[in-house]
Each structure stands twice: as structure tokens, then as C-alpha cells.
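Notes to accompany the following structure.
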Amino acid sequence: MAAPPRRCPVKKLFTHHDPMIAGYLHATLESNGIDATVKNGYLSGALGELPITTTWPEVWIIHDDDLSKAEQILKDILPAEEL
6 MAAPPRRCPV KKLFTHHDPM IAGYLHATLE SNGIDATVKN GYLSGALGEL
56 PITTTWPEVW IIHDDDLSKA EQILKDILPA EEL
């Protein structure tokens, strides 16, 4: 019997109320060779049904090895008050 596929650990990098900012960060990470995904990107329709902060978009890094590079990119492109 074959072993189950190995799951890649993912790490949450960033959460923001504005999906445009989360999308911009995601695109910047991808253009720098970092695999990332946006979770909750389409949950704004659930506002009022779910707690507001649970509907905010989250940017997740797919591979642990990319986390420090992703954190540096985040610091470089966003003002400190956004972090």
C-alpha cells in the first residue's frame, strides 16, 4: 500500500479587511516565486451572519521555507500601520 501524499504545511501571513490589499500582496508574493493563496476572499457576502473578522481575507504561504522571504516582502510593500 502506498503512503498517503505528504501535506505541505501552510502558514498564515496576513489578514486584512480590504480584499484588494490581500490580493495585491498575493500577486506580489506569486511574482516573487512564493506560492501563496487567499482564503476567505469571497466571504464578504456573509457579513452579518458571521463575525466580521472571520470574513476578512487571509494570505497563506504554501511552503514553510518561503515564510521569512514572504514576511520581508510584506514589510517592504505595506506601511507599518497596515501590519
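Just so you know, the numbering used here puts 43 at position 38 of the sequence shown, and the rest follows in order with no gaps. All C-beta atoms, glycine included, are put in the ideal place defined by N, C-alpha and C. A quick note: this is a predicted structure, and the numbers were derived from the prediction, not measured.
For Lys17, tell me which candidate among Glu63, Asn37 and Gly46 has the shortest Cα-Cα distance. A check of alpha carbon separations from Lys17 across Glu63, Asn37 and Gly46 identifies Glu63 as the nearest.
State the Cα-Cα distance for the pair Asn37 and Phe19, rounded to the nearest angstrom. Asn37 and Phe19: Cα-Cα distance of roughly 17 Å.
In DSSP terms, what Trp65 is bridged to: Checking the DSSP bridge columns, you'll see Trp65 partnered with Lys17 and Thr42.
Proximity to Asp70 [Cα-Cα], best of Leu83, Leu30, Glu86 and Ala41: Here the closest residue by C-alpha is Ala41.
Roughly how many angstroms lie between the CA atoms of Glu87 and Met25, to the nearest whole one? Glu87 and Met25 have their alpha carbons spaced roughly 13 Å apart.
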